[in-house]
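Heads up: the sequence shown begins at 10 in the working numbering, then just goes up one per residue. From the three backbone atoms N, C-alpha and C, an ideal C-beta is built for every residue, glycine too. One structure is given below, encoded as structure tokens.
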Amino acid sequence: MTHENNLSQLQGRLQDPCFEIIPLKGIEKKVHHIPTGSDVAITCSPDKGIPATLELTRHLRDHGFNLIPHIAARMVADESHLREILGELDELGIHRIFVIGGDAEEPAGEFDSSFQLLELMSTIDHSIDTVGIGGYPEGHPLIDEKTLLQFLKKKQKFAVYMVTQM
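Below is the structure:
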């Protein structure tokens, strides 16, 4: 490949970036810098939890962004809680989510991995049509490499895309 081809591919990929925001105090005042129509992922931190992610999603839904809330499996208590989350996302008109295991040291309930959550989601009626998952090209501090690869393969049937942090 030539340098020009590489540059052209890079420019194409940078035309539609995905912005990731953290539900922190005052973030609503800073999103005006993000172009309307942009993909905006809303993280789910162990400190703030799923309620903060959903609250910010609710706040930003009329700003013209393509919102992608993160749902951390380790912060979902049980099937009832998952149904509640999916119901709220349905009401907000959200069709795309990013499912991760999450960084909580202890699970809030019966899910300790994103795979378990994705499996249950596949049995529930909801409006989510695009699911992203985390990929770990450099490994994961809490999961051995063999197990990580096994579960990435199992999650393929549920996911449309994968995101990595390097």
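Residue 105 has 139 as its beta-bridge partners, per DSSP. In this model, residue 71 and residue 65 are separated by some 11 Å (Cα to Cα). Counted as a single uninterrupted DSSP element, the stretch harbouring residue 51 is not any alpha helix (DSSP H) but the beta strand (DSSP E) occupying residues 48–51. Using a C-beta cut-off of 8 Å, the stretch 25–34 makes contact with the stretch 43–60, since at least three inter-stretch Cβ pairs fall below that distance. Scanning the stretch 69–125 from its first residue to its last, the whole alpha helix (DSSP H) runs of 4-plus residues come out as 88–100. Residue 133 has its alpha-carbon roughly 8 Å from the corresponding atom of residue 92.
The Cβ neighbour count for residue 41, taken over all protein chains shown within 10 Å, is under 16; the residue is labelled exposed. The beta-carbon separation of residue 142 and residue 164, rounded to 5 Å, stays under the 8 Å limit for a contact.
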